[in-house]
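K.L.:
Here you go, one structure.
Residue numbers (mature numbering (1 follows the signal peptide of the UniProt record, and there is no 0)): -19 to -1, 1 to 143.
Here's what the structure looks like:
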């Protein structure tokens, strides 16, 4: 993953040189990179990273390896937010069926932990000073990510091993 992130950093470096106008949406190129980086974790049945734990591990690595000023940090934040959305939906469903709370043993997936990560990064990085509304910025990109990851998961390379 380190080599991939380095390559993506060099590839996307021109995005950091954009004018300082208000940026309304995440660039589609970053969504493409999110699919490339995270499809192995999101595409069952042979997810390379082991389901939710693998996704959490990859997101944590993304945060650790990507400098806060790098556009790829948007990918880390977006995939983290999308994962939290999935987890929250599963938790609501479990609660409705009287089942125990899933993923309670993974502190990374606690709402407060996510909020702290998101606020810390978006409030300390100069990259987000020129983003108008953070919700709009990430929402459109997340919807595109969901569409693209669903298509990518249809790729035979993610099918069950014989």
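Virtual Cβ for every residue (Gly too), placed ideally from N, Cα, C.
Bear in mind the structure is a predicted one, so any value in this text is a computation, not a measurement.
#1: Count the other C-beta atoms from every protein chain shown that fall within 10 angstroms of the C-beta of residue 79, then say buried if there are 16 or more, exposed otherwise.
#2: Could you tell me whether the region 73 to 90 touches the region 18 to 26, where touching means 3 or more Cβ pairs closer than 8 angstroms?
#3: How about residue 122 and residue 59: are their beta carbons less than 8 angstroms apart?
#4: Determine the direct distance from the alpha carbon of residue 44 to that of residue 52, and round the result to whole angstroms.
#5: To the nearest angstrom, report how far apart residue 32 and residue 57 are at their CA atoms.
#6: Figure out for me which residue from 50, 39 and 10 has the closest Cα to the Cα of residue 108.
#7: In the DSSP output, what is residue 112 paired with across the bridge?
#8: Hey, could you find the ends of the alpha helix (DSSP H) residue 21 is sitting in?
#9: How is the alpha helix (DSSP H) around residue 56 delimited, first residue to last?
#10: Just tell me which of 98, 94, 111 and 125 has its CA closest to the CA of residue 12.
#11: Let's see if you can read the secondary structure: which residues bound the alpha helix (DSSP H) around residue 81?
P.N.:
Taking the definition as stated:
#1: Counting every other CB atom within 10 Å of its CB across the protein chains shown gives residue 79 a total below 16, marking it as exposed.
#2: Cβ pair count under 8 angstroms is below three, so no.
#3: With contacts defined as CB atoms closer than 8 angstroms, residue 122 and residue 59 qualify as a contacting pair.
#4: Straight-line Cα distance between these residues: approximately 12 angstroms.
#5: Going by the C-alpha atoms only, they are around 17 angstroms apart.
#6: Among 50, 39 and 10, the Cα nearest to that of residue 108 is on 50.
#7: In the DSSP secondary-structure assignment, residue 112 is bridged to 4.
#8: Secondary structure note for residue 21: its alpha helix (DSSP H) is the uninterrupted segment 9 to 23.
#9: Where residue 56 is concerned, the enclosing alpha helix (DSSP H) starts and stops at 53 to 77.
#10: The closest CA to that of residue 12, considering only 98, 94, 111 and 125, is found on 125.
#11: Counting along the chain, residue 81 falls outside any alpha helix (DSSP H), and DSSP gives it neither H nor E.
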